[in-house]
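Q: Here the sequence shown is numbered in full-length UniProt numbering, starting from 1 and rising by one per residue. Even glycine gets a Cβ: it sits at the ideal position worked out from N, Cα and C. Structure provided below as structure tokens; questions to follow.
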Amino acid sequence: MPKMKTKSSAKKRFKVTATGKVVGGQAGKRHGMIKRTKKFIRDARGTQVLSEPDQKLAKSFMPYSR
């Protein structure tokens with residue numbers, strides 16, 4: 001039986017925590033920061049836990065990180 005492949009893009013972008021949640025970077029901070037509020041820029045720092053549907057999708061790309 002051949003090994004299943006992990007999507008390279010997913011392993012670079014997401015990390016699975018010890019409890020099984022998927023953590024990823026906050027969206028919306030690539031460009032256009034002038035029009036964003038200061039509060040949005042502050043709140044969008046670091047990483048966040050993905051929503052349940054997004055977690056399911058990200059985990060399907062990473063079969064060995066469960």
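Following the continuous alpha helix (DSSP H) through Q26, name the residue where it begins and the one where it ends.
A: Here residue 26 corresponds to residue number 26 of the sequence shown, with the count starting at 1. Careful: Q26 lies outside any alpha helix (DSSP H) and carries neither H nor E.
Q: If you reduce the DSSP assignment to three classes, tell me which class K5 lands in.
A: Counting from one through the sequence shown, the residue named residue 5 turns up at place 5. The answer is coil: DSSP assigns K5 none of H, G, I, E or B.
Q: Would G28 and A44 qualify as a contact pair, given that the criterion is a beta-carbon distance under 9 Å?
A: As a working note, residue 28 is residue 28 in the sequence shown. As a working note, residue 44 is residue 44 in the sequence shown. Yes; because the gap between Cβ atoms is below 9 Å, this pair is in contact.
Q: Quick one: what's got a C-beta closer than 6 Å to Q55's C-beta in the same chain, skipping five residues either side?
A: Translated into the one-based positions of the sequence shown, residue 55 becomes position 55. Correct list, in chain order: V22.
Q: Please state the DSSP three-state secondary structure of K35.
A: Looking up residue 35 in the sequence shown gives position 35. Reduced to three states, the DSSP call for K35 is coil.
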